[in-house]
Amino acid sequence: MQKKINREELTASYDWYRQMRETQPVFFDPNIQGWHIFRYDDVVRVITEHATFSSEQNRFVPAEYRDVNPISSSIVRLDPPRHHKLRQLVSQAFTPRMVANMESRIKEITSGLLDQVQAVGEMDVIRDLATPLPITVIAELLGVPAERREDFKRWSDAFVSGDAEATEEDMQEGIQAAGSMVDYFAQIFEERRAHPQDDLVSALLLAEVDGERLSNEELIGFCVLLLVAGNETTTNLIGNTILCLDENPGSVERLRANRDLVPKALEEALRYYSPVKLVPRWAVTETTIGDQRIEAGQLLFAWVPSANRDEAQFPNADQFTIEREPNRHLGFGRGIHFCLGAPLARLEAKIALNEMLDRLPGSWHVSDVPLSPIKSMSAFGVKQLPLTWEK
1213 MQKKINREEL TASYDWYRQM RETQPVFFDP NIQGWHIFRY DDVVRVITEH
1263 ATFSSEQNRF VPAEYRDVNP ISSSIVRLDP PRHHKLRQLV SQAFTPRMVA
1313 NMESRIKEIT SGLLDQVQAV GEMDVIRDLA TPLPITVIAE LLGVPAERRE
1363 DFKRWSDAFV SGDAEATEED MQEGIQAAGS MVDYFAQIFE ERRAHPQDDL
1413 VSALLLAEVD GERLSNEELI GFCVLLLVAG NETTTNLIGN TILCLDENPG
1463 SVERLRANRD LVPKALEEAL RYYSPVKLVP RWAVTETTIG DQRIEAGQLL
1513 FAWVPSANRD EAQFPNADQF TIEREPNRHL GFGRGIHFCL GAPLARLEAK
1563 IALNEMLDRL PGSWHVSDVP LSPIKSMSAF GVKQLPLTWE K
């Protein structure tokens, strides 16, 4: 019972999603002058029908209100045909082979992190593993020296902290972080143009489609996107998976006995506690969703965690079911904007979970302390996750 009380702040949003799916699945919010979308089929439509629902915020948001951030010029904020060309360019550098080649290094990093906590018998999963693992992997992919990784983490955190409750100070930190990242990457590009290396930045500089290469702005947009999304999503996927296992006694033992279930457990965690909360789109033309008329130019927020708990798509949606089949969750999106980094995030989470199962014996227990959600409108996860096991 105590554990349930300590997680109320974390799970309150899921009560709201359920209520909205049942009563106001397409809801106009006068505060944002836009729409909230809650049901699975509607969310799928909004995030995949790019001819009707645009990702290109700069087409719809007046210049004075636009984000001063590099992600607004990255592939997640573009529509075809520009999106297609940019994604092709980025995919030449960020390949499945490059991800697969990271496997032994990811194991090495994970093992080193667990070395520091294994004998102690307790850890904070977020601080000791879920945060440093992806930041190290992304930094190495981008060729960033070890001494700059603390900066990377700080910038990344400041970047996602802007939300409806963000203070003026939070906003300023986000703007400063964006500026610092732009300056840093501009310097890196200059160095790599003069002295190419065997890293992702050098590969991005060489990528070419129809005689065209990525502009500096596009390069910076992708690197910042990879840094921020690559960190936050993977950190929260690892943390949220441990939360799911903790809430379902016996599941750790099941996974340890049958490792084939590990990828399934991760997919179900992506559904059950989705790391990504909402996806913004703008209506290109007037359209209807359900019985609501959406005007051209209006903003829509597609709520991924709500879609992933929709009973119409997922029977017993509020149960964490490791062997759920089918499991067409939207944790990494759907359609042309499906997460480019999904293979890397899945690989990191799979290695992290398998290493934990190997190294941390017996049952695992998340301490009965209040768990605080991270302060973000776009991401779902916890700030701390204290874990103990049988030594």
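All residue numbers for the sequence shown refer to this note's numbering, where the first residue is 1213 and numbers rise by one.
For glycine and all other residues, C-beta sits at the position ideal for the given N, C-alpha and C.
Nearest-angstrom Cα separation, counted from residue j out to residue i
| i | j | result |
| --- | --- | --- |
| Met1232 | Ser1575 | 37 Å |
| His1262 | Asp1291 | 7 Å |
| Phe1544 | Gln1300 | 19 Å |
| His1541 | His1407 | 43 Å |
| Asn1448 | Asp1458 | 15 Å |
| Met1310 | Asn1528 | 38 Å |
| Pro1293 | Val1329 | 49 Å |
| Met1589 | Ser1486 | 13 Å |
| Leu1572 | Glu1602 | 8 Å |
| Phe1364 | Ile1347 | 7 Å |
| Val1273 | Ala1508 | 13 Å |
| Ala1376 | Ala1481 | A caution first: Ala1376 carries a pLDDT of 49, below 50, which makes its placement in the model unreliable, though a value can still be read off. If I take the Cα positions, the gap works out to 26 Å. |
| Arg1257 | Ala1358 | 42 Å |
| Asp1530 | Gly1433 | 37 Å |
| Gln1384 | Asp1422 | 40 Å |
| Gly1355 | Ala1564 | 22 Å |
| Val1516 | Arg1219 | 20 Å |
| Pro1555 | Phe1532 | 22 Å |
| Glu1498 | Arg1505 | 7 Å |
| Phe1513 | Pro1242 | 13 Å |
| Arg1366 | Asp1503 | 44 Å |
Under 9 Å between C-beta atoms of residue i and residue j
| i | j | result |
| --- | --- | --- |
| Thr1453 | Ala1477 | yes |
| Pro1308 | Leu1325 | no |
| Ile1283 | Val1491 | no |
| Glu1479 | Ala1591 | no |
| Leu1222 | Val1594 | yes |
| Asn1428 | Ala1398 | yes |
| Leu1431 | Leu1417 | yes |
| Leu1552 | Ile1287 | yes |
| His1295 | His1549 | yes |
| Leu1473 | Glu1535 | yes |
| Val1496 | Phe1240 | no |
| Phe1371 | Ala1342 | no |
| Val1332 | Pro1598 | no |
| Val1349 | Met1393 | no |
| Asp1411 | Leu1353 | yes |
| Val1302 | Ala1419 | yes |
Cβ-based burial, residue i [other Cβ within 10 Å; buried from 16]
| i | result |
| --- | --- |
| Gly1462 | exposed |
| Ser1316 | exposed |
| Gln1269 | buried |
| Arg1471 | exposed |
| Thr1379 | exposed |
| Trp1228 | exposed |
| Glu1612 | Within the shown structure, residues of the chain are numbered from 1213 to 1603, placing residue 1612 beyond reach of any answer. |
| Asn1520 | buried |
| Trp1405 | As written in the sequence, residue 1405 is Arg, which differs from the Trp given in the question. With fewer than 16 other Cβ atoms within 10 Å, it is exposed. |
| Ser1267 | buried |
| Ser1518 | buried |
| Gln1409 | exposed |
| Ser1584 | exposed |
One or two residues paired with residue i in a DSSP bridge
| i | result |
| --- | --- |
| Trp1162 | No answer is possible for residue 1162: the residues shown for the chain start at 1213 and end at 1603. |
| Val1394 | Val1394 is not bridged to any residue. |
| Val1488 | Ala1591 |
| Leu1439 | Beta-bridge pairing links Leu1439 to no other residue. |
| Thr1600 | Glu1334 and His1577 |
| Pro1585 | Val1594 |
| Ser1266 | Trp1494 |
3 or more residues per run - each beta strand (DSSP E) lying fully within the segment 1300-1340
1334-1336
Quick check for students: name the residue ranges of the alpha helix (DSSP H) that lie wholly in the segment 1237-1264, counting only runs of 4 or more.
1252-1260
In chain order, which alpha helix (DSSP H) runs of at least 4 residues are fully inside the segment 1398-1431?
1412-1418
Uninterrupted beta strand (DSSP E) stretches inside the segment 1491-1542 (no shorter than 3 residues)
1499-1501, 1504-1506 and 1511-1515
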